[in-house]
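Residue numbers (the working numbering), protein chains in the order written: chain F, 1 to 160; chain G, 1001 to 1160; chain W, 2001 to 2160; chain X, 3001 to 3160; chain H, 4001 to 4160; chain V, 5001 to 5160. Even glycine gets a Cβ: it sits at the ideal position worked out from N, Cα and C.
There are 6 protein chains.
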Amino acid sequence: MVKAVFPGTFDPPTKGHINLIKRGAALFDTLDVVIAVNTSKRPLLTPQERLELLNESVRDLPGVKITLCNKLIVDYAEENGIKVILRGIRNVADFGYEFELSMMNKQLKSSIETVFLPTDPRYFVLRSSSIKELLSFHAEISEMVPPHVEKLLKSKTGGY
Amino acid sequence: MVKAVFPGTFDPPTKGHINLIKRGAALFDTLDVVIAVNTSKRPLLTPQERLELLNESVRDLPGVKITLCNKLIVDYAEENGIKVILRGIRNVADFGYEFELSMMNKQLKSSIETVFLPTDPRYFVLRSSSIKELLSFHAEISEMVPPHVEKLLKSKTGGY
Amino acid sequence: MVKAVFPGTFDPPTKGHINLIKRGAALFDTLDVVIAVNTSKRPLLTPQERLELLNESVRDLPGVKITLCNKLIVDYAEENGIKVILRGIRNVADFGYEFELSMMNKQLKSSIETVFLPTDPRYFVLRSSSIKELLSFHAEISEMVPPHVEKLLKSKTGGY
Amino acid sequence: MVKAVFPGTFDPPTKGHINLIKRGAALFDTLDVVIAVNTSKRPLLTPQERLELLNESVRDLPGVKITLCNKLIVDYAEENGIKVILRGIRNVADFGYEFELSMMNKQLKSSIETVFLPTDPRYFVLRSSSIKELLSFHAEISEMVPPHVEKLLKSKTGGY
Amino acid sequence: MVKAVFPGTFDPPTKGHINLIKRGAALFDTLDVVIAVNTSKRPLLTPQERLELLNESVRDLPGVKITLCNKLIVDYAEENGIKVILRGIRNVADFGYEFELSMMNKQLKSSIETVFLPTDPRYFVLRSSSIKELLSFHAEISEMVPPHVEKLLKSKTGGY
Amino acid sequence: MVKAVFPGTFDPPTKGHINLIKRGAALFDTLDVVIAVNTSKRPLLTPQERLELLNESVRDLPGVKITLCNKLIVDYAEENGIKVILRGIRNVADFGYEFELSMMNKQLKSSIETVFLPTDPRYFVLRSSSIKELLSFHAEISEMVPPHVEKLLKSKTGGY
């Protein structure tokens, strides 16, 4: 049995994230989607809001669990018997950063593997930070996030 | 049950290949190591030699099978109920090429995923073509290939 | 009046090429599509075949002309009063190569500009050399080339 | 008639910017140079100062207009009948970022093209943020900005 | 006689830094290790602490001197008769940034060369900012910094 | 005393090569310029011709010696008491390749360092293979190679 974890900030969760969660869930026996809560950046959504949005998005996926986490991801993995860290890659620049991170995690816990899955081409341009910027311009984001995420985002940024 | 395939030329098989096969075998239920036989480049080893060298290298790994193949890898995967193509990535340049290949394979068969595993840092510099070049200079290659591979290579290139 | 040239090997012309020609024709007053005929690689199609396939593909585009050329592209541009070399870019690796080529062309003729247009995401994976390889495996290529190009390619590679 | 827009922060305008504006003005019928005013970063120069510096720099260029803008650039383009967003590219790292931005803009308004022009090699090292850092060390910047820009920058940073 | 300078923030000094200092000291007649003190980022260690940690690390290396500096590195080099700026490169992303910096420095003082040395593979994953992040998670860092650096870091971050 | 080697094919030697040789000679006590003679590619110039062209180019540089070599460069270095392999880097793509090569050489002989020097911006577009292609189009190459190299190249390719 191979368990995997998909860590991220998910602020907000995008269609790209949900696509990766579905594909990851089909590859491993269980998949923990872990929301990092102690990052220094100012979040748009509270951890609890992100947890609820993700739960609503993956309700029907067996083996998928959403959790909050304020530890190093390798520590979370080790404590939960997880062998695989799953990461999506959109392009070469993403990869450079992720490759280095994977080497650091390997150095911290050599038994845990990082596995990269290429992003679906429909979602190449999706990053949560772009969505936040688009929101500030009241741009259309329905192609980028599921309807229930869009609804919460609009209610939090002035209901335009 | 998730089955994977690890395709390559393996001319010759390196310690980097064998490291990836071991790690891949721990992640998926079965792993077919597939030797591409119809490439246009002039091989150093015959397909049969490569098959035997790999078989000797992975003898004790449950779920691993070595085969020869002269088809598109996505066709091999589909015919064998395989969901995952496993690829090792040594660096950013590797990734650019592999990313594009993965998109082409996704376009050919959308149900098959390419999964990337970062190469172990000990094997970053190992590529089969470098080993062939080093052999032509009679350089030391025992760090790069297992002993039984080194023995065959030396016997074929003049027994230096 | 700004005239542009879109040079390439077009062996074979792909849907990606035709998409770029259409978009380029909308940006400049005239667009010469120039088929390089003296490259050293062994072509699949004769220059004349490529000329006819492209002519059939762009028949309805005003301002577009297909020609054969055995000169440096900057010389062709200068002789024809062309100010812009148009190039499509699919990814970062493409760009590195094209950027260097554009600097060399600028050094040869400083008055001629190279202008880069990003490839439509639907065609990221299309390169003529991949199509040739897929043909050798009798893979499906109808997503990648127009029907009249596919027909000629199949007739030349055994009519599978 | 093809209209283009060249967006940027221009804090401060550099010789590299002015070189691109001249070259862009020669390729398209009109070129709007658009100063983004609502970025979050702390500017060195006020939007009005940047507008005046650019106006002084391009006074003699027919078809070039400098404006302030607090919208998404694709919205500005659509409202003004502009078909082309012009961007300069200095190197591969620039390109990775710009390529992704161009895909996002294409997704927001598919009718608008992003066109990339390679930076003149004399200006490869010029970015506005470097100039700000050099100013803080009282380094020589006359190679990097036009005289009237240098004069204002020096008067604002202590008249060294 | 060729003198070199190795500039950095060294917040904290890592085993990677010390490896580069040793290798650089073997290549040039003297090597000044220069701690940049006026960077805007909030440092973890005071300049004086970094100076002492580095002094303790390189005590036995002839020709190596540690100094604090609040000038442009090319000005420091010129004033001290130094011809070479030494920089370590861990990967392609590092290089893109360093290459551009080297061109800017060449433009400021054309007589001073930047020389790049590849990082030892054991230290590919080491960057000071990662160590700071790991410290905030109380992760193990003894592989990454010398014992006396680890000791000070732990005393400053709560003595865990 | 630090001795360095600058290996290459030099087919033909370019102004970029000569610029690097001059800069390298100023950094190290001696610099051996080593012409690799056993590469598989079809050369334009004989090794002897390249030796003579380089000798004429560096006649006045103390400490510089031109030699032919058919060994691994690390073996040449070790036999001649050389500690440094000098390589020029024109751009990020160059670097990816050179970085990997440097790791392989480090693995073969850990005592020998590879040192990278950025190419002078005037010579970014110069690679010997481009010059060969330009020659086949009878293009102007006097910006790219010294006069005595140009003279020999023209005499060998038809005296155009």
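(Q) Quick check: ILE1073 of chain G and LEU1051 of chain G, are their CB atoms within less than 8 angstroms of each other? (A) Taking the first residue of the second sequence as 1, we reach residue 1073 of chain G at position 73. Taking the first residue of the second sequence as 1, we reach residue 1051 of chain G at position 51. Not in contact: ILE1073 of chain G and LEU1051 of chain G (Cβ atoms no closer than 8 angstroms).
Q.
In whole angstroms, give me the CA-to-CA distance for LYS3156 of chain X and PHE6 of chain F.
A. Within the fourth sequence, numbered from 1, the residue matching residue 3156 of chain X stands at position 156. Within the first sequence, numbered from 1, the residue matching residue 6 of chain F stands at position 6. Going from the Cα of LYS3156 of chain X to the Cα of PHE6 of chain F covers about 49 angstroms.
Q | Interface partners of GLU4143 of chain H on chain F, CB under 8 angstroms | A | Here residue 4143 of chain H corresponds to residue number 143 of the fifth sequence, with the count starting at 1. Chain F residues near GLU4143 of chain H: GLN107.
**Q.** Contacts that PRO5147 of chain V makes with chain H (C-beta to C-beta distance below 7 angstroms)
**A.** As a position in the sixth sequence, residue 5147 of chain V is number 147, starting the count at 1. Under the 7 angstroms cutoff, chain H gives no residues; its nearest Cβ is about 24 angstroms from PRO5147 of chain V.
Q) Below 8 angstroms, can you find three or more Cβ-Cβ pairs linking the segment 5131-5139 of chain V to the segment 5100-5107 of chain V? A) no
Q: Please state if the CB of ILE1112 of chain G and the CB of GLU1098 of chain G are separated by a distance shorter than 8 angstroms.
A: Position 98 of the second sequence, counting from 1, holds the residue named residue 1098 of chain G. Position 112 of the second sequence, counting from 1, holds the residue named residue 1112 of chain G. Taking 8 angstroms as the Cβ cut-off, GLU1098 of chain G and ILE1112 of chain G do not qualify as a contacting pair.
Q.
Please state the DSSP three-state secondary structure of GLY4096 of chain H.
A. Stepping through the fifth sequence from its first residue, residue 4096 of chain H is reached at position 96. Three-state result, GLY4096 of chain H: helix.
Q. How many Å lie between HIS5148 of chain V and ALA5036 of chain V at the Cα?
A. Taking the first residue of the sixth sequence as 1, we reach residue 5148 of chain V at position 148. Taking the first residue of the sixth sequence as 1, we reach residue 5036 of chain V at position 36. HIS5148 of chain V and ALA5036 of chain V: Cα-Cα distance of roughly 21 angstroms.
Q. Can you name the start and end residues of the beta strand (DSSP E) that ARG3023 of chain X belongs to?
A. By one-based count along the fourth sequence, residue 3023 of chain X stands at place 23. Per DSSP, ARG3023 of chain X belongs to no beta strand (DSSP E); it is in the alpha helix (DSSP H), 3015-3027.
Q: For chain V, find out if any of its Cβ atoms is closer than 8 angstroms to the Cβ of VAL4092 of chain H; answer yes or no.
A: Here the question's residue 4092 of chain H lines up with position 92 in the fifth sequence. So yes, VAL4092 of chain H belongs to the interface.
Q) If SER5057 of chain V sits next to PRO5121 of chain V, beta carbons under 8 angstroms apart, how far is it from one beta carbon to the other, in whole angstroms? A) Locating residue 5057 of chain V in the sixth sequence gives position 57, counting from the first residue. Locating residue 5121 of chain V in the sixth sequence gives position 121, counting from the first residue. Going by Cβ atoms, the distance from SER5057 of chain V to PRO5121 of chain V rounds to 21 angstroms, so no, they are not a contact pair.
Q: Figure out for me which residue from G:LYS1132, G:LYS1154, G:GLU1150 and G:SER1142 has the closest Cα to the Cα of PRO1043 of chain G.
A: Position 43 of the second sequence, counted from the first residue, corresponds to residue 1043 of chain G. It is G:LYS1132 whose Cα lies nearest to the Cα of PRO1043 of chain G.
Q: For PRO3007 of chain X, write down the residues that DSSP places opposite it in a beta bridge.
A: Position 7 of the fourth sequence, counting from 1, holds the residue named residue 3007 of chain X. Bridge partners of PRO3007 of chain X: X:VAL3034.
Q. Is TYR3123 of chain X closer than 8 angstroms to ASN3019 of chain X when the C-beta atoms are compared?
A. Sequence index remark: in the fourth sequence, residue 3019 of chain X carries index 19 (1-based). Sequence index remark: in the fourth sequence, residue 3123 of chain X carries index 123 (1-based). Cβ distance < 8 angstroms, so ASN3019 of chain X and TYR3123 of chain X count as in contact.
Q) Along chain H, in chain order, which residues have C-beta atoms closer than 7 angstroms to that of LYS156 of chain F? A) The residue labelled residue 156 of chain F in the question sits at position 156 within the first sequence. Here the premise fails: no neighbours, minimum Cβ distance about 28 angstroms.
Q) Does DSSP put LEU2152 of chain W in a helix, a strand or coil? A) Locating residue 2152 of chain W in the third sequence gives position 152, where the first residue counts as 1. Reduced to three states, the DSSP call for LEU2152 of chain W is helix.
Q: Using alpha carbons as the reference points, say which of F:LYS22, F:TYR76, F:PHE116 and F:THR14 lies closest to ARG59 of chain F.
A: Within the first sequence, numbered from 1, the residue matching residue 59 of chain F stands at position 59. When only C-alpha atoms are compared, the closest one is F:LYS22.
(Q) For a contact defined as C-beta to C-beta under 8 angstroms, what are the partners of GLY3096 of chain X on chain F? (A) Numbered from 1 along the fourth sequence, position 96 holds the residue referred to as residue 3096 of chain X. Going along chain F in sequence order, the residues near GLY3096 of chain X (Cβ under 8 angstroms) are ASN91, VAL92 and ALA93.
**Q.** Under 8 angstroms between C-beta atoms of VAL3115 of chain X and VAL2115 of chain W
**A.** What you label residue 3115 of chain X is simply residue 115 of the fourth sequence in a count that begins at 1. What you label residue 2115 of chain W is simply residue 115 of the third sequence in a count that begins at 1. Closer than 8 angstroms, so yes.
Q) According to DSSP, is TYR2160 of chain W helix, strand or coil? A) Locating residue 2160 of chain W in the third sequence gives position 160, counting from the first residue. With a pLDDT of only 48 at TYR2160 of chain W, under 50, the local geometry of the prediction cannot be trusted, and the value read off the model is given with reservation. TYR2160 of chain W: coil per DSSP, three-state reduction.
Q | Sheet register partners of LYS65 of chain F (DSSP bridge) | A | Sequence index remark: in the first sequence, residue 65 of chain F carries index 65 (1-based). Per DSSP, F:ASP32.
Q. What is the residue span of the beta strand (DSSP E) that LEU5045 of chain V lies within?
A. For the purposes of this step, residue 5045 of chain V is identified with residue 45 of the sixth sequence, where counting begins at 1. Here LEU5045 of chain V belongs to no beta strand (DSSP E), and DSSP marks it neither H nor E.
**Q.** Unbroken beta strand (DSSP E) run spanning VAL1084 of chain G, endpoints
**A.** In the second sequence, counting from the first residue as 1, residue 1084 of chain G sits at position 84. Counting along the chain, the beta strand (DSSP E) containing VAL1084 of chain G begins and ends at 1084-1089.
Q) Between which two residues does the alpha helix (DSSP H) carrying GLU4115 of chain H extend? A) Here residue 4115 of chain H is taken as the residue at index 115 of the fifth sequence, counted from 1. Looking at the sequence shown, residue 4115 of chain H is not Glu but Val. Not the alpha helix (DSSP H): VAL4115 of chain H falls in the beta strand (DSSP E), residues 4113-4118.
Q. How long is the line joining the alpha carbons of TYR3076 of chain X and PHE3010 of chain X, rounded to whole angstroms?
A. Taking the fourth sequence and counting its residues from 1, the one referred to as residue 3076 of chain X is at position 76. Taking the fourth sequence and counting its residues from 1, the one referred to as residue 3010 of chain X is at position 10. Their Cα atoms are separated by approximately 17 angstroms.
Q. Alpha carbon to alpha carbon, how far is ASN70 of chain F from GLU3049 of chain X?
A. The residue labelled residue 70 of chain F in the question sits at position 70 within the first sequence. The residue labelled residue 3049 of chain X in the question sits at position 49 within the fourth sequence. Roughly 46 angstroms between the two C-alpha positions.
Q. Taking Cβ positions only, does ARG5023 of chain V come closer than 8 angstroms to chain H?
A. Indexing the sixth sequence from 1 puts residue 5023 of chain V at position 23. Judged by the 8 angstroms Cβ criterion, ARG5023 of chain V is in contact with chain H.
Q. Is PRO4013 of chain H closer than 8 angstroms to LEU4153 of chain H when the C-beta atoms are compared?
A. Taking the fifth sequence and counting its residues from 1, the one referred to as residue 4153 of chain H is at position 153. Taking the fifth sequence and counting its residues from 1, the one referred to as residue 4013 of chain H is at position 13. Not in contact: LEU4153 of chain H and PRO4013 of chain H (Cβ atoms no closer than 8 angstroms).
Q. Is it true that the CB of GLY4024 of chain H sits closer than 8 angstroms to the CB of LEU4086 of chain H?
A. Indexing the fifth sequence from 1 puts residue 4086 of chain H at position 86. Indexing the fifth sequence from 1 puts residue 4024 of chain H at position 24. Contact flag set, yes.
Q: Please look up how many angstroms separate the CB atoms of GLU79 of chain F and LYS109 of chain F, rounded, as I've assumed it's under 8 angstroms.
A: Locating residue 79 of chain F in the first sequence gives position 79, where the first residue counts as 1. Locating residue 109 of chain F in the first sequence gives position 109, where the first residue counts as 1. Contact flag wrong, Cβ pair sits at about 11 angstroms.
Q. How would you list, in chain order, the residues of chain X whose beta-carbon sits under 9 angstroms from the beta-carbon of SER130 of chain F?
A. On the first sequence, residue 130 of chain F is found 130 positions in, with the first residue counted as 1. GLU3100, LEU3101 and MET3104, listed in chain order.
Q. Rounded C-beta distance between GLU2100 of chain W and ASN5091 of chain V? I'm assuming under 8 angstroms.
A. For the purposes of this step, residue 2100 of chain W is taken as residue 100 along the third sequence, with counting starting at 1. For the purposes of this step, residue 5091 of chain V is taken as residue 91 along the sixth sequence, with counting starting at 1. Contact holds; Cβ gap of about 7 angstroms.
Q: Could you please give the first and the last residue of the uninterrupted alpha helix (DSSP H) stretch that includes LEU2135 of chain W?
A: Along the third sequence, one-based indexing puts residue 2135 of chain W at 135. Note, LEU2135 of chain W: alpha helix (DSSP H), 2128-2136.
**Q.** Nearest residue (CA-CA) to ASP1094 of chain G, options G:LYS1083, G:LEU1134 and G:PRO1118
**A.** Taking the first residue of the second sequence as 1, we reach residue 1094 of chain G at position 94. Nearest of G:LYS1083, G:LEU1134 and G:PRO1118 to ASP1094 of chain G, Cα basis: G:PRO1118.
Q. Where do the ends of the alpha helix (DSSP H) carrying LEU1074 of chain G lie?
A. Numbered from 1 along the second sequence, position 74 holds the residue referred to as residue 1074 of chain G. Before going further, note that residue 1074 of chain G is Val rather than Leu in the sequence given. From DSSP, the alpha helix (DSSP H) with VAL1074 of chain G extends over 1073-1079.
**Q.** Rounded separation between ALA26 of chain F and LEU2134 of chain W - CA only
**A.** Walking along the first sequence from the start, residue 26 of chain F turns up at place 26. Walking along the third sequence from the start, residue 2134 of chain W turns up at place 134. Taking the straight line joining both Cα atoms gives about 28 angstroms.
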